[in-house]
Amino acid sequence: MAELYQPSLLSYINVTLMDYFPILELPDEIQALVVERVVGNSITDLYGLRASCKSIKALAERSRVNHFYDVLSVPWRLNMPPELFKTCYTERNLSTLYMKGVLFLFTFNLQEEGLAFMKLAADEGYEHAVYTYAMTRKSFWG
Numbered sequence: 001m002a003e004l005y006q007p008s009l010l011s012y013i014n015v016t017l018m019d020y021f022p023i024l025e026l027p028d029e030i031q032a033l034v035v036e037r038v039v040g041n042s043i044t045d046l047y048g049l050r051a052s053c054k055s056i057k058a059l060a061e062r063s064r065v066n067h068f069y070d071v072l073s074v075p076w077r078l079n080m081p082p083e084l085f086k087t088c089y090t091e092r093n094l095s096t097l098y099m100k101g102v103l104f105l106f107t108f109n110l111q112e113e114g115l116a117f118m119k120l121a122a123d124e125g126y127e128h129a130v131y132t133y134a135m136t137r138k139s140f141w142g
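Right, here's the structure in full:
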């Protein structure tokens, strides 16, 4: 009886995603879009992408990529450097705008400023901000 060839797990180890999906052959604009979407998924995916190759790492370190981070999805046990928050805020990252709004409103009691930041994030469709902004407006101003 002839045995069917069943490749072992070890034979798959040296095969990467790049072998099946040659992202480096795509135009630079498309590569940048892929990196931006990966950043939006999770910070873990971003670090995996950075480790894949040098040219992708260079794309992932572009400043515009920080706009797509969701800083609220970063595990609390990881300490994010303050420079990353500043860069994200400078690039009008939605999660940092939302966080700044919540901080201003509930910590410093700056209602106008806090709601303005939350509204910016909510208008761009950031889900946490949409809910919090609506409920806060309802509770403060009926």
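Each residue of the sequence shown is one higher than the one before, starting from 1 at the first, in the UniProt record's numbering.
Glycine included, each C-beta is placed from N, C-alpha and C at the ideal position.
Bear in mind that the values here come from a model prediction, so they are computed numbers and not experimental data.
Query: Which of helix, strand or coil DSSP assigns to Cys53; Result: coil
Query: Whole-angstrom C-beta distance between Phe68 and Gly40, which should lie under 8 Å; Result: 4 Å
Query: Ser55 versus Glu61 - alpha carbon distance; Result: 10 Å
Query: Buried versus exposed, by CB contacts within 10 Å (16 or more), Ser139; Result: exposed
Query: Met80 and Val102 closer than 8 Å at C-beta; Result: no
Query: 8 Å Cβ cutoff met for Asn109 and Cys88; Result: no
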